[in-house]
Structures are given as structure tokens and as C-alpha cells.
Amino acid sequence: MTDAASAALSYEPVPADQVVAGSPTTGYVVLDEGPSGTVGVWEMTPGAMRDVEADEVFMVLAGAATVEFEHPHSSPIVLAPGSVVRLEAGMKTIWTVRETLRKVYVAP
Numbered sequence: 001m002t003d004a005a006s007a008a009l010s011y012e013p014v015p016a017d018q019v020v021a022g023s024p025t026t027g028y029v030v031l032d033e034g035p036s037g038t039v040g041v042w043e044m045t046p047g048a049m050r051d052v053e054a055d056e057v058f059m060v061l062a063g064a065a066t067v068e069f070e071h072p073h074s075s076p077i078v079l080a081p082g083s084v085v086r087l088e089a090g091m092k093t094i095w096t097v098r099e100t101l102r103k104v105y106v107a108p
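FYI, full-length UniProt numbering numbers position 84 of the sequence shown as 84, with every residue one higher than the one before it.
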């Protein structure tokens with residue numbers, strides 16, 4: 001068993017070509033990996049970044065953020081603890097984090 005809310009993460013600055021605002025960092029740890037997929041914890045500090053998504057389902061444990069969808073275009077979503085979201089590979093997004101965001105994700 002792992003406590004995802006307090007799991008230690010290794011952080012790195014977001015690459016300059018992905019930064020939209022601020023100086024965000026991200027960190028993650030893989031909790032389990034097997035033939036059925038990967039389970040991990042990911043965190044982003046305040047700021048904004050562009051990303052190209054992989055297939056995953058995640059649940060927000062802590063923080064506050066908005067995800068905008070550049071492609072395919074759809075309405076932004078507001079994330080808060082308890083939010084559950086499914087992302088599809090290739091989606092182009094902008095993550096704007098107001099309070100450090102921590103999520104547990106499951107990816108194939």
C-alpha cells in the first residue's frame with residue numbers, strides 16, 4: 001500500500017518550450033507497472049504549461065487548476081480534489097495550476 005497524498009516525488013522544471021506562464025515544476029512517481037498498465041502520482045506547482053496527452057484516467061487528490069483543450073477544442077475543465085478525468089492520446093492541452101495539483105493516474 002502507498003499513501004499517494006504524501007508519496008515523495010522527484011521534481012524537474014517544465015521545459016521552456018512548454019511554459020506558458022510562471023516557473024512551474026512537475027514531479028511524478030510510478031506506484032505500480034504491469035501488463036495492464038501503470039499507476040502513478042503526478043504533481044505540478046503553480047504556473048501554466050502546454051502538453052500533449054497520453055491515454056489516462058486520473059483523480060485529483062489536492063490543488064486547483066484549469067485544463068484548456070486546444071485540440072480537439074472543447075470547453076475547459078476546472079480541477080479540484082475529487083475530480084475524475086479521462087484524457088485521450090494526442091489531446092493538446094494547457095494546464096493552469098493555481099494551487100499545487102496532485103493527481104493519481106492510471107495509464108495503459
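Built from N, CA and C at the ideal position, the CB exists for glycine as well.
The structure displayed is predicted, hence computed values, not measured ones.
- Between the alpha carbons of Leu101 and Pro72 lies a distance of about 23 Å.
- Leaving aside the five residues that flank Ala80 on each side, the residues in its chain whose CB is nearer than 7 Å to its CB run, in chain order, Val60 and Ala64.
- Ranked by Cα distance from Met91, the options Arg98, Ser75 and Val52 are led by Val52.
- In the pairwise beta carbon analysis, the region 41 to 52 is classified as touching the region 21 to 29: at least three pairs are separated by under 8 Å.
- Shown here for Tyr28: same chain residues with a beta carbon closer than 8 Å to its own, the five before and five after excluded, namely Leu9, Ser10, Gly40, Val41, Trp42 and Glu43 in chain order.
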